[in-house]
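Engineer: Residue numbers (our numbering): 9 to 343.
Next up, the structure:
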């Protein structure tokens with residue numbers, strides 16, 4: 009059966025994001041189930057603990073308790089062949105016409121309305137790339153005016169700052185308004201108080217699942233082997249705190265108080281049908297940043313207030329990040 013015509017025996021609402029083509033991973037709990045790994049399908053969550061205990065994943069080399077953890081880290085650490093095998097098997101079990109799992113549906117399929125989602129990974133590291141030209145231009149105009157919106161280096165390398173992972177929280181967590189130094193342009197001196205210019209940044213983050221050693225450089229050809237999947241990411245920003253502090257070393261307190269991450273982590277395989285050519289880069293980037301294949305990170309997606317496309321991401325962040333030989337942690341890393 010063609011992937012585009014694949015259907016599931018699980019009832020999936022027509023407007024659901026969680027079709028059999030998606031199958032994102034998450035960590036959930038409920039009144040009678042401890043935190044564990046699950047996969048979304050329609051209005052249900054597939055309990056991967058129960059699925060493994062019933063023997064449906066026996067052909068895959070993994071310990072069944074890997075799904076009983078509070079984060080997906082240990083599963084991600086098993087590597088790409090295991091990720092792909094689990095996805096293939098679960099797709100097979102949920103495909104219309106396959107009856108293996110149906111007798112155990114009440115055990116394995118948990119109605120989503122009864123679960124509480126948790127952050128999917130324990131984040132070991134976090135780098136924020138300034139990789140959308142439109143976003144970089146808008147923020148540049150906010151702080152420097154339209155004539156200096158993009159700085160000279162922006163079109164030559166992936167501009168980024170090393171963020172903090174300690175305040176990354178799952179979407180829906182209440183955010184406390186930060187306090188800091190504020191200095192409007194016409195004020196003679198700064199004052200201290202709560203931010204009056206809170207902002208959000210709708211972003212997509214990719215989770216790194218394959219570590220590197222110190223001194224190892226990732227090439228454009230090898231980059232996809234390190235990607236586990238994508239999450240939606242809201243990088244909360246206190247613009248008035250940021251505006252006063254950001255020169256010369258970039259954002260700090262205006263960004264460090266919270267970032268929200270979606271509870272569902274979409275694997276790269278789900279995005280395969282949506283590969284599209286990236287935008288032409290002018291001037292051309294240096295050879296080490298040039299991709300020879302169409303990127304996974306260039307796919308179209310919809311948001312209620314607009315239509316966005318990740319093809320506007322201008323350069324290869326992971327390649328640039330490791331070009332100095334810095335290592336990628338064996339804990340999932342958000343880039």
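Backbone N, C-alpha and C define an ideal beta-carbon position, used for all residues, glycine too.
1. Mapping DSSP to helix, strand and coil, what is residue 15?
2. Are there three or more Cβ pairs, one per stretch, closer than 8 angstroms when the segment 103-116 is compared with the segment 66-78?
3. Throw me the rounded Cβ distance for the residue 275 and residue 236 pair, which I believe falls under 8 angstroms.
4. I'd like the span of the alpha helix (DSSP H) that includes residue 329, first residue to last.
5. Quickly, what does DSSP pair residue 49 with across the bridge? List them, please.
6. State buried or exposed for residue 197, treating a residue as buried only when at least 16 other CB atoms are found within 10 Å of its CB.
7. Can you tell me which residues form a DSSP beta bridge with residue 111?
8. What three-state label does DSSP hand residue 211 in the structure shown?
9. Beta carbon of residue 56, beta carbon of residue 44: below 8 angstroms?
10. Under the DSSP definition of a beta bridge, which residues are partnered with residue 246?
11. Across the segment 110-122 and the segment 215-230, are there enough close Cβ pairs to call them in contact, namely three or more that are closer than 8 angstroms?
12. Does residue 154 come out as helix, strand or coil in the three-state DSSP assignment?
13. Going by C-alpha distance, which of 330, 161 and 284 is nearest residue 220?
14. Is the distance from the Cβ of residue 336 to the Cβ of residue 234 below 8 angstroms?
15. Pull the bridge partners of residue 125 from the DSSP assignment, please.
16. Where does residue 317 sit, in a helix, a strand or coil, going by DSSP?
17. Quick one: any contact between the segment 257-268 and the segment 140-148, if contact means 3 or more CB pairs under 8 angstroms?
18. Taking the straight line between their C-alpha atoms, what separation do you get for residue 121 and residue 86?
19. At the level of alpha carbons, what is the spacing between residue 69 and residue 89?
Structural biologist: Put simply:
1. Here the question's residue 15 lines up with position 7 in the chain shown. Look at residue 15 here: in three-state DSSP terms it is coil, with no helix or strand label.
2. no
3. Residue 275 sits at position 267 when you count from the first residue of the chain shown. Residue 236 sits at position 228 when you count from the first residue of the chain shown. With a Cβ gap of about 7 angstroms, residue 275 and residue 236 count as contacting.
4. What you label residue 329 is simply residue 321 of the chain shown in a count that begins at 1. Here the alpha helix (DSSP H) through residue 329 covers 325-329.
5. Here residue 49 corresponds to residue number 41 of the chain shown, with the count starting at 1. Note: residue 49 sits in a beta bridge opposite 52.
6. Taking the first residue of the chain shown as position 1, residue 197 is located at position 189. Exposed: under 16 other Cβ atoms inside 10 Å.
7. As a position in the chain shown, residue 111 is number 103, starting the count at 1. According to DSSP, residue 111 bridges with nothing at all.
8. Mapped onto the chain shown, residue 211 falls at position 203. Looking at residue 211 - three-state DSSP - the assignment turns out to be strand.
9. As a first step, residue 56 must be located in the chain shown, where it is residue number 48. As a first step, residue 44 must be located in the chain shown, where it is residue number 36. Yes, the Cβ-Cβ distance between residue 56 and residue 44 is below 8 angstroms.
10. The sequence position of residue 246 within the chain shown is 238, counting from 1. For residue 246, which the question treats as bridged, DSSP gives the partners 206.
11. no
12. Numbered from its first residue, the chain shown carries residue 154 at position 146. When secondary structure is reduced to three states using DSSP, residue 154 falls in the helix class.
13. For the purposes of this step, residue 220 is identified with residue 212 of the chain shown, where counting begins at 1. The shortest Cα separation from residue 220 among 330, 161 and 284 belongs to 330.
14. Within the chain shown, numbered from 1, the residue matching residue 336 stands at position 328. Within the chain shown, numbered from 1, the residue matching residue 234 stands at position 226. Closer than 8 angstroms, so yes.
15. What you label residue 125 is simply residue 117 of the chain shown in a count that begins at 1. Bridge partners of residue 125: 36.
16. Translated into positions along the chain shown, residue 317 becomes position 309. Only weak support is given to the placement of residue 317: the predicted model assigns it a pLDDT of 45, under 50, and the value that follows is read from those uncertain coordinates. Strand, per DSSP.
17. no
18. In the chain shown, residue 121 corresponds to position 113, counting from 1. In the chain shown, residue 86 corresponds to position 78, counting from 1. Going by the C-alpha atoms only, they are around 30 angstroms apart.
19. Sequence index remark: in the chain shown, residue 69 carries index 61 (1-based). Sequence index remark: in the chain shown, residue 89 carries index 81 (1-based). C-alpha separation (whole angstroms): 10 angstroms.
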